[in-house]
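Asks:
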Amino acid sequence: MSVQVVSAAATAKVPEVELEDLSPSEAEPQLGRSTSAVSAMAPPAGGGDPEAPAPAAERPPAPGPGSGPAAALSPAAGKVPQASAMKRSDPHHQHQRHRDGGEALVSPDGTVTEAPRTVKKQIQFADQKQEFNKRPTKIGRRSLSRSISQSSTDSYSSAASYTDSSDDETSPRDKQQKNSKGSSDFCVKNIKQAEFGRREIEIAEQEMPALMALRKRAQGEKPLAGAKIVGCTHITAQTAVLMETLGALGAQCRWAACNIYSTLNEVAAALAESGFPVFAWKGESEDDFWWCIDRCVNVEGWQPNMILDDGGDLTHWIYKKYPNMFKKIKGIVEESVTGVHRLYQLSKAGKLCVPAMNVNDSVTKQKFDNLYCCRESILDGLKRTTDMMFGGKQVVVCGYGEVGKGCCAALKAMGSIVYVTEIDPICALQACMDGFRLVKLNEVIRQVDIVITCTGNKNVVTREHLDRMKNSCIVCNMGHSNTEIDVASLRTPELTWERVRSQVDHVIWPDGKRIVLLAEGRLLNLSCSTVPTFVLSITATTQALALIELYNAPEGRYKQDVYLLPKKMDEYVASLHLPTFDAHLTELTDEQAKYLGLNKNGPFKPNYYRY
Numbered sequence: 114m115s116v117q118v119v120s121a122a123a124t125a126k127v128p129e130v131e132l133e134d135l136s137p138s139e140a141e142p143q144l145g146r147s148t149s150a151v152s153a154m155a156p157p158a159g160g161g162d163p164e165a166p167a168p169a170a171e172r173p174p175a176p177g178p179g180s181g182p183a184a185a186l187s188p189a190a191g192k193v194p195q196a197s198a199m200k201r202s203d204p205h206h207q208h209q210r211h212r213d214g215g216e217a218l219v220s221p222d223g224t225v226t227e228a229p230r231t232v233k234k235q236i237q238f239a240d241q242k243q244e245f246n247k248r249p250t251k252i253g254r255r256s257l258s259r260s261i262s263q264s265s266t267d268s269y270s271s272a273a274s275y276t277d278s279s280d281d282e283t284s285p286r287d288k289q290q291k292n293s294k295g296s297s298d299f300c301v302k303n304i305k306q307a308e309f310g311r312r313e314i315e316i317a318e319q320e321m322p323a324l325m326a327l328r329k330r331a332q333g334e335k336p337l338a339g340a341k342i343v344g345c346t347h348i349t350a351q352t353a354v355l356m357e358t359l360g361a362l363g364a365q366c367r368w369a370a371c372n373i374y375s376t377l378n379e380v381a382a383a384l385a386e387s388g389f390p391v392f393a394w395k396g397e398s399e400d401d402f403w404w405c406i407d408r409c410v411n412v413e414g415w416q417p418n419m420i421l422d423d424g425g426d427l428t429h430w431i432y433k434k435y436p437n438m439f440k441k442i443k444g445i446v447e448e449s450v451t452g453v454h455r456l457y458q459l460s461k462a463g464k465l466c467v468p469a470m471n472v473n474d475s476v477t478k479q480k481f482d483n484l485y486c487c488r489e490s491i492l493d494g495l496k497r498t499t500d501m502m503f504g505g506k507q508v509v510v511c512g513y514g515e516v517g518k519g520c521c522a523a524l525k526a527m528g529s530i531v532y533v534t535e536i537d538p539i540c541a542l543q544a545c546m547d548g549f550r551l552v553k554l555n556e557v558i559r560q561v562d563i564v565i566t567c568t569g570n571k572n573v574v575t576r577e578h579l580d581r582m583k584n585s586c587i588v589c590n591m592g593h594s595n596t597e598i599d600v601a602s603l604r605t606p607e608l609t610w611e612r613v614r615s616q617v618d619h620v621i622w623p624d625g626k627r628i629v630l631l632a633e634g635r636l637l638n639l640s641c642s643t644v645p646t647f648v649l650s651i652t653a654t655t656q657a658l659a660l661i662e663l664y665n666a667p668e669g670r671y672k673q674d675v676y677l678l679p680k681k682m683d684e685y686v687a688s689l690h691l692p693t694f695d696a697h698l699t700e701l702t703d704e705q706a707k708y709l710g711l712n713k714n715g716p717f718k719p720n721y722y723r724y
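Residue numbers (the numbering used here): 114 to 724.
Written out as structure tokens, the structure reads:
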């Protein structure tokens with residue numbers, strides 16, 4: 114008599130036999146779940162592919178009389194418990210069944226049936242899941258937290274690091290790193306990432322035509338020869354192109370980051386590999402931030418004579434710690450509204466001891482970087498962090514300057530219902546004429562889905578506003594400073610912070626309400642996404658020309674005050690970008706120039722003209 118083994122799938126027809134001999138605690142786990150479903154979740158006993166066909170010895174017998182689904186339901190099936198009676202009379206078999214979690218059933222015709230080991234397989238599956246949660250991983254933190262539900266509170270997603278490019282948690286300050294030339298005058302996350310950063314810089318160069326043209330035209334003259342520039346800006350691929358251009362024009366540079374979340378680690382590594390003293394990495398602490406600035410400034414045998422700042426932190430640090438350095442500093446170039454505000458405060462108090470160039474209010478910065486850049490990057494930052502759809506969402510934008518205009522235009526185009534808050538009646542009237550409803554924040558705070566600040570002010574969104582927001586309201590900042598949202602008021606015992614993914618936090622109230630806070634109230638687009646390279650080419654070229662102007666200006670041209678970039682330079686920066694669009698300027702005739710009282714080569718507008 115031939116003996117055949119029937120696979121587990123075939124025996125799913127007789128679960129009542131298995132349940133008859135199991136204790137309630139053993140039988141419970143598989144109730145409510147089919148045997149085949151449980152078997153499908155666990156890997157096969159042999160570790161092979163569950164989809165692979167069974168070997169010939171394990172295949173079910175060919176269908177015959179009394180086989181098939183109908184046979185399983187026939188009265189003949191009731192004789193199968195004879196096999197169970199045989200096992201009960203054999204203690205060894207009984208012990209074997211409990212030990213292995215399965216049993217062999219012998220039918221009246223002599224066929225030996227291998228029963229499914231459902232309970233054990235289900236327990237193995239649960240164990241494997243628990244083991245996965247405990248097992249260390251080499252996957253980056255961001256990819257892991259993204260693969261788990263974004264509301265998960267397990268140890269990976271709730272403790273996700275802002276530094277998602279490496280699983281090395283050692284602080285760069287504790288590492289001893291050297292570049293290929295043997296220099297260790299830098300502090301970055303991982304110098305081994307330099308090759309990847311170099312590729313990003315090369316891509317950025319293709320979208321920065323004016324800066325590359327300036328590098329090519331002025332490289333022979335070296336207008337910055339002897340300049341020692343200390344910089345504190347966002348360290349991105351675009352900034353790297355600017356730094357390398359300044360180096361090609363003769364300057365020595367030392368650099369730190371102006372934002373603890375915006376640094377691209379691989380770009381910082383590429384700059385360090387090229388010989389630039391860079392002190393920055395993504396995810397710095399506040400202490401790291403000031404330590405990096407100090408390392409740029411406080412170095413033996415090197416003293417800066419030019420400052421390129423973004424936000425005023427570098428200027429503030431030198432005033433506070435090393436005021437004597439200003440005796441040799443020729444000027445400051447500042448590109449943010451926050452930093453410019455600080456400079457005007459110093460000037461008003463009579464404490465500004467060097468000339469400063471206000472790049473933020475130059476036409477090229479205001480109209481292109483602030484307006485067009487934010488018009489594109491606001492959507493990118495929100496999409497990457499929240500995966501939300503904008504159509505029909507109610508959004509309030511605080512501030513209708515150039516940044517606010519760009520944000521409102523982008524959100525309106527996506528179908529959002531946009532409200533605007535503003536203190537300036539001129540900007541307020543512009544918002545109304547552009548089709549936006551002007552409101553006070555208190556009037557709409559309970560109903561809006563997104564709150565965006567872009568004023569450059571402080572405490573625009575207070576704890577009172579945050580308490581009144583609806584559940585799951587998204588709160589973010591597009592201004593430079595992190596003071597617009599009162600984040601400090603949220604760090605209290607009654608509120609729970611839950612990390613969802615990199616740069617995204619849930620702040621949960623005792624009643625269960627939660628808001629979604631992006632980048633802890635810091636600059637959204639550079640912290641959570643990227644910005645268009647072409648627009649940054651305009652800003653970077655403006656910064657480079659401002660540095661050249663201040664450094665080479667004869668003594669007495671600029672006094673200890675804050676100046677706007679000369680109109681002629683604004684026009685020059687714009688003209689360098691026109692060839693990208695195959696654009697052709699119309700030239701004035703001599704008669705036309707005389708009629709308007711202009712030079713044929715510009716400047717074409719007076720300083721008071723508003724574009």
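The beta-carbon is built from N, C-alpha and C at its ideal position, and this holds for glycine as well. Since the model is a prediction, treat every value here as computed from it, not as a measurement.
Could you have a look at residue 673 and say whether DSSP puts it in helix, strand or coil?
Replies: Note: residue 673 maps to coil in three-state DSSP.
Asks: Starting from residue 452 and walking both ways along the alpha helix (DSSP H), at which residues does that stretch end?
Replies: Its alpha helix (DSSP H) spans residues 450–461.
Asks: Please determine, among 664, 602, 637, the residue with the shortest C-alpha to C-alpha distance to residue 593.
Replies: 637
Asks: Considering only residues of the segment 368–401, which uninterrupted beta strand (DSSP E) runs meet the minimum length of 3 residues and lie entirely inside it, listed in chain order?
Replies: none
Asks: Kindly indicate which residue of 381, 341, 374 has the alpha-carbon position closest to the one of residue 299.
Replies: Among 381, 341, 374, the Cα nearest to that of residue 299 is on 381.
Asks: What residues in its chain sit with their C-beta under 7 Å from that of residue 263, if we drop five residues either side in the sequence?
Replies: Here the model assigns residue 263 a pLDDT of 32, short of 50, so the residue's position is not dependable, and the following value carries that caveat. Contacts found: 613, 614.
Asks: Would you say residue 467 and residue 673 are within 8 Å of each other, going by their C-beta atoms?
Replies: yes
Asks: Just to confirm my understanding: we take residue 634, look at its own chain, exclude 5 residues before and 5 after, and list those with CB closer than 6 Å. What are they?
Replies: 590, 595, 598, 600
Asks: Looking only at its own chain, which residues have a Cβ that is under 6 Å from the Cβ of residue 169, when we skip the five neighbours before and after it?
Replies: Here the model assigns residue 169 a pLDDT of 42, short of 50, so the residue's position is not dependable and the matter cannot be decided.
Asks: Run the CB neighbour count on residue 724, radius 10 Å, all protein chains shown included, and call it buried at 16 or more, exposed below.
Replies: exposed
Asks: Return helix, strand or coil for residue 507, following the three-state DSSP convention.
Replies: strand
Asks: List the endpoints of the continuous alpha helix (DSSP H) containing residue 489.
Replies: Unbroken alpha helix (DSSP H) run through residue 489: 487–499.
Asks: Measure from the alpha carbon of residue 716 to the alpha carbon of each residue in 688, 704, 693, 695, then state which is nearest.
Replies: With distances taken between CA atoms, residue 716 lies nearest to 688 out of 688, 704, 693, 695.
Asks: Go ahead and label residue 704 buried or exposed: buried means 16 or more other beta carbons lie within 10 angstroms of its beta carbon, across all protein chains shown.
Replies: exposed
Asks: Quick check on DSSP: helix, strand or coil for residue 629?
Replies: strand
Asks: Is the beta carbon of residue 661 less than 8 Å from the beta carbon of residue 337?
Replies: yes
Asks: Would you kindly report the start and end of the unbroken beta strand (DSSP E) that includes residue 421?
Replies: 419–422
Asks: Could you spell out where the beta strand (DSSP E) holding residue 447 opens and where it closes?
Replies: 444–447
Asks: How big is the Cα-Cα spacing for residue 609 and residue 625?
Replies: Taking the straight line from one Cα to the other gives about 10 Å.
Asks: Would you identify the three-state DSSP class for residue 610, choosing helix, strand or coil?
Replies: strand
Asks: With DSSP as the reference, label residue 516 as helix, strand or coil.
Replies: helix
Asks: Here's the rule: buried if 16 or more other CB atoms are within 10 angstroms of the residue's CB, otherwise exposed. What is residue 334?
Replies: exposed
Asks: Measuring straight from C-alpha to C-alpha, what distance separates residue 272 and residue 611?
Replies: Bear in mind that a pLDDT of 29 at residue 272, under 50, signals an unreliable position, so the number given afterwards is only what the model happens to contain. So the two alpha carbons sit approximately 8 Å from each other.
Asks: I need the DSSP call for residue 532, collapsed to helix, strand or coil.
Replies: When DSSP states are grouped into helix, strand and coil, residue 532 belongs to the strand group.
Asks: What three-state label does DSSP hand residue 469 in the structure shown?
Replies: Looking at residue 469 - three-state DSSP - the assignment turns out to be strand.
Asks: Which residues does DSSP list as the beta-bridge partners of residue 709?
Replies: None; residue 709 has no bridge partner.
Asks: Kindly indicate which three-state DSSP category residue 590 falls into: helix, strand or coil?
Replies: strand
Asks: Determine the extent of the alpha helix (DSSP H) in which residue 344 is found, giving its start and end residues.
Replies: Unbroken run through residue 344 is the beta strand (DSSP E), 341–346; no alpha helix (DSSP H).
Asks: Where does residue 252 fall in DSSP's three states?
Replies: Because residue 252 carries a pLDDT of 38, less than 50, the predicted location of this residue cannot be relied on, and the following value inherits that uncertainty. In this structure, residue 252 counts as coil in the three-state DSSP scheme.
Asks: Once DSSP output is grouped into helix, strand and coil, what is the label at residue 558?
Replies: coil
Asks: Assign residue 315 to one of two classes, buried (16 or more other C-beta atoms within 10 Å of its C-beta) or exposed (fewer than that).
Replies: exposed
Asks: Grab me the residues of residue 711's own chain with a C-beta within less than 8 Å of its C-beta, minus the 5 sequence neighbours each way, in chain order.
Replies: Cβ neighbours of residue 711 beyond the five flanking positions: 701, 717.
Asks: Please report how far the alpha carbon of residue 465 lies from the alpha carbon of residue 457, in whole angstroms.
Replies: 8 Å
Asks: Put residue 639 into one of helix, strand or coil per three-state DSSP.
Replies: helix
Asks: Could you check how far apart the C-beta atoms of residue 327 and residue 654 are, in whole angstroms? I think they sit under 8 Å.
Replies: With a Cβ gap of about 6 Å, residue 327 and residue 654 count as contacting.
Asks: Considering only C-alpha positions, which residue in the set 719, 301, 306, 390 is nearest to residue 684?
Replies: Here the closest residue by C-alpha is 719.
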